[in-house]
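Asker: Can you keep this structure in mind? I'll have questions shortly.
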Amino acid sequence: MKFGDTFAEYLHGEEEWFLEKCRHIEYKKLKKVLKRCKSCNSNTTNSNSGSGHGRQNSSSPLPRPPCQCQSCPWCDEMFFSELMKEASDIAGCFKSRVRSLLHLHVATGMQKYVLRFRRCFADDTQTLLQEGQILIQYITMNAIAIRKILKKYDKVHCSENGKNFTMKMRAERIELLHSPWLIELGAFYLNYGLDKAKNVDSSCGQVSCDLKAEQPVMKLTLPNSIELEFDLTCAICLETVFNPYALKCGHVLCKACLCSAASVMIFEGVKAAASHSRCPICREAGVYADAVRMAELHLLLKTRCKEYWKERMIAERSEMVKQSKIFWNQQTKHMIGY
């Protein structure tokens with residue numbers, strides 16, 4: 612079955628109720644644009660071959676010169692701008708729905724009581740797991756659709772603009788399958804103990820993670836045999852990430868390491884960093900304000916690496932107390948005019 616048919620079947624399948632509230636790639640619409648462009652170029656080539664010299668055999672058209680899409684009337688106006696908007700909306704929807712899902716799972720105390728009250732005190736364990744599977748399939752199918760349509764674009768135009776657009780998406784931080792929220796979903800399943808193939812819905816992928824390895828890596832096997840690996844080593848301390856935060860640029864590091872890199876106190880938090888502070892890895896500025904604490908990954912580390920978690924927690928608290936003393940001593944001296 613062609614992917615176009617598979618994607619159409621997915622859009623009108625059991626999860627249609629979910630997709631009504633979310634944006635998706637207009638795969639058929641974009642393919643029609645490419646089909647129209649292809650037929651237009653083909654007709655132009657045939658007309659050029661049939662006129663001119665008279666001796667040219669009309670049954671063997673001249674080869675169409677490579678199109679770099681500098682002046683493609685059908686694609687330039689809407690293709691890439693439409694695809695970029697759709698990809699951005701999909702990434703935003705995925706982030707929003709995953710955040711809402713995981714917030715319900717990690718909530719504690721009165722907050723969890725209120726959230727469950729909204730769901731009429733229902734046992735929502737299976738509901739959470741099912742929604743997580745739907746989200747994984749949602750992001751995977753749309754990512755495949757983007758890859759397929761860009762490959763088709765390059766084939767029709769004999770260009771590499773599709774590959775260049777993929778690089779542009781990566782630069783804009785909307786590459787769908789490299790979102791830190793996929794790490795959080797993977798940790799979410801591991802926290803439920805669903806790290807064995809028999810316990811995971813094969814149609815929505817598998818997840819595994821070895822936090823005690825020399826290089827801790829989370830592996831996700833998504834539908835259509837897509838395999839992803841996420842390195843869980845902090846690029847600053849070179850240890851397994853502890854109390855991890857994901858910056859706007861997508862990089863995941865320890866809270867204490869991020870605070871140190873941004874020259875802020877641990878008790879002030881990552882978001883207290885100045886607007887000009889840069890990511891320690893990619894050097895992009897303004898990425899601290901929208902940093903997100905990865906609560907599921909932190910919970911996974913706390914559950915499966917108890918000794919390491921306890922050791923890092925003690926060290927972080929000790930450093931926090933030390934910084935607090937220095938800070939308040941400075942504030943006291945300032946107040947008394949020392």
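Numbering (our numbering), first residue to last: 612 to 949.
Yeah, the Cβ is synthetic: ideal placement off N, Cα and C, and Gly gets one too.
Can you list, in chain order, the residues of its chain whose CB lies under 7 Å from that of Asn753, leaving out five sequence neighbours each side?
Answerer: Excluding residues within five positions, the ones whose Cβ falls inside 7 Å are His635, Ile636, Ile701, Leu787.
Asker: Over the uninterrupted beta strand (DSSP E) stretch that includes Pro855, give me the two end residues.
Answerer: Counting along the chain, the beta strand (DSSP E) containing Pro855 begins and ends at 855-857.
Asker: Using 8 Å as the Cβ pair cut-off and three pairs as the minimum, do the stretch 907-925 and the stretch 880-898 touch?
Answerer: No, the stretch 907-925 does not touch the stretch 880-898.
Asker: Using beta-carbon positions only, say whether Ala902 and Leu833 come within less than 9 Å of one another.
Answerer: Cβ distance not < 9 Å, so Ala902 and Leu833 don't count as in contact.
Asker: What's the gap between the Cα of Tyr749 and the Cα of Ala798?
Answerer: The alpha-carbon atoms of Tyr749 and Ala798 are separated by roughly 18 Å.
Asker: For Ser739 and Glu626, I'd like the C-alpha separation in whole angstroms.
Answerer: According to the sequence shown, residue 739 is Leu rather than Ser. So the two alpha carbons sit approximately 14 Å from each other.
Asker: Report the residue from Gly880, His862, Met931 whose alpha carbon sits nearest the alpha carbon of Cys870.
Answerer: Among Gly880, His862, Met931, the Cα nearest to that of Cys870 belongs to Gly880.
Asker: Excluding the 5 residues flanking Phe841 on each side, which residues of the same chain have their C-beta closer than 6 Å to its C-beta?
Answerer: Correct list, in chain order: Ile794, Met829.
Asker: Does Arg708 pass the burial test, meaning 16 or more other C-beta atoms within 10 Å, or should it be called exposed?
Answerer: Arg708 is buried by the Cβ-count criterion.
Asker: Given a threshold of 16 other Cβ atoms within 10 Å of its Cβ, counted over all protein chains shown, does Ser692 qualify as buried or as exposed?
Answerer: Ser692 should be labelled exposed.
Asker: Looking at C-beta atoms only, is the number of pairs between the stretch 638-645 and the stretch 760-767 that lie closer than 8 Å three or more?
Answerer: Result yes; three or more Cβ-Cβ pairs closer than 8 Å.
Asker: Report the option in Met780, Ala867, His716, Gln934 whose CA atom is closest to the CA atom of Ala698.
Answerer: The shortest Cα separation from Ala698 among Met780, Ala867, His716, Gln934 belongs to Met780.
Asker: Taking only the alpha-carbon atoms, compute the straight-line gap between Ala846 and Glu922 and give it to the nearest angstrom.
Answerer: Those two C-alpha atoms are separated by around 19 Å.
Asker: Look at the Cβ atom of Leu911, then the Cβ atom of Leu801, and state whether they are nearer than 9 Å.
Answerer: Yes.
Asker: With 16 other CB atoms within 10 Å as the buried threshold, where does Thr943 fall?
Answerer: Classification for Thr943: exposed.
Asker: Quick one: what's got a C-beta closer than 7 Å to Glu950's C-beta in the same chain, skipping five residues either side?
Answerer: Outside the shown range of the chain, which is 612 to 949, sits residue 950, and nothing can be said about it.
Asker: Where Ala867 and Tyr621 are concerned, what is the direct C-alpha to C-alpha distance, given to the nearest angstrom?
Answerer: Roughly 43 Å separates the two Cα atoms.
Asker: Using DSSP with H/G/I as helix, E/B as strand and the rest coil, what is Glu840?
Answerer: DSSP places Glu840 in strand when its eight states are reduced to three.
Asker: Which residue wins for smallest C-alpha separation from Val898, given the options Glu825, Asp821, Gly624, Ala872?
Answerer: When only C-alpha atoms are compared, the closest one is Ala872.
Asker: Quick one: grab the DSSP three-state call for Lys639.
Answerer: Of the three classes helix, strand and coil, the one that applies to Lys639 here is helix, per DSSP.
Asker: Just to confirm before moving on: does the CB-CB distance between Ile757 and Leu694 stay below 9 Å?
Answerer: It is a contact, given that the beta carbons lie within the stated cut-off.
Asker: Can you give me the start and stop residues for the alpha helix (DSSP H) that Lys613 sits inside?
Answerer: Here Lys613 belongs to no alpha helix (DSSP H), and DSSP marks it neither H nor E.
Asker: CB-CB under 6 Å to Cys893, same chain, minus the five flanking residues each way: which ones, in chain order?
Answerer: So the qualifying residues of the chain are Cys860.
Asker: Let's see if you can read the secondary structure: which residues bound the alpha helix (DSSP H) around Met905?
Answerer: Premise fails: Met905 is in no alpha helix (DSSP H) and is neither H nor E.
Asker: Would you please state the rounded distance, in angstroms, between the beta carbons of Phe878 and Gln934? I believe it to be under 8 Å.
Answerer: Indeed they touch by this definition, with Cβ atoms about 7 Å apart.
Asker: Let's see if you can read the secondary structure: which residues bound the beta strand (DSSP E) around Val932?
Answerer: Counting along the chain, Val932 falls outside any beta strand (DSSP E), though it belongs to the alpha helix (DSSP H) covering 917-946.
Asker: Helix, strand or coil: which one does DSSP assign to Asp821?
Answerer: If DSSP states are grouped into helix, strand and coil, Asp821 belongs with the strands.
Asker: Rank Arg710, Gln941, Leu746, Ile947 by C-alpha distance to the C-alpha of Ala906 and give the top, closest one.
Answerer: Taking only the C-alpha atoms, the option nearest Ala906 is Arg710.
Asker: Is Phe690 closer than 9 Å to Ser790 when the C-beta atoms are compared?
Answerer: No, the Cβ-Cβ distance between Ser790 and Phe690 is not below 9 Å.
Asker: Please name the residue in Cys865, Ile937, Lys696 whose C-alpha comes closest to that of Phe776.
Answerer: When each option's Cα is compared against that of Phe776, the closest is Lys696.
Asker: Can you tell me which residues form a DSSP beta bridge with Cys865?
Answerer: For Cys865, which the question treats as bridged, DSSP gives the partners Pro855.
Asker: What ranges does the alpha helix (DSSP H) occupy inside the stretch 764-809, keeping only unbroken runs of at least 4 residues that lie completely in it?
Answerer: Runs of the alpha helix (DSSP H) inside the stretch 764-809: 772-782, 791-802.
Asker: Using alpha carbons as the reference points, say which of Thr851, Lys759, Ala884 lies closest to Met924.
Answerer: Closest by alpha carbon: Thr851.
Asker: Does DSSP put Lys849 in a helix, in a strand, or in coil?
Answerer: Before going on, a small fix: residue 849 reads as Leu here, not Lys. Leu849 falls in the coil class under three-state DSSP.
Asker: Please name the residue in Thr844, Leu630, Ser836 whose C-alpha comes closest to that of Pro827.
Answerer: Among Thr844, Leu630, Ser836, the Cα nearest to that of Pro827 belongs to Thr844.
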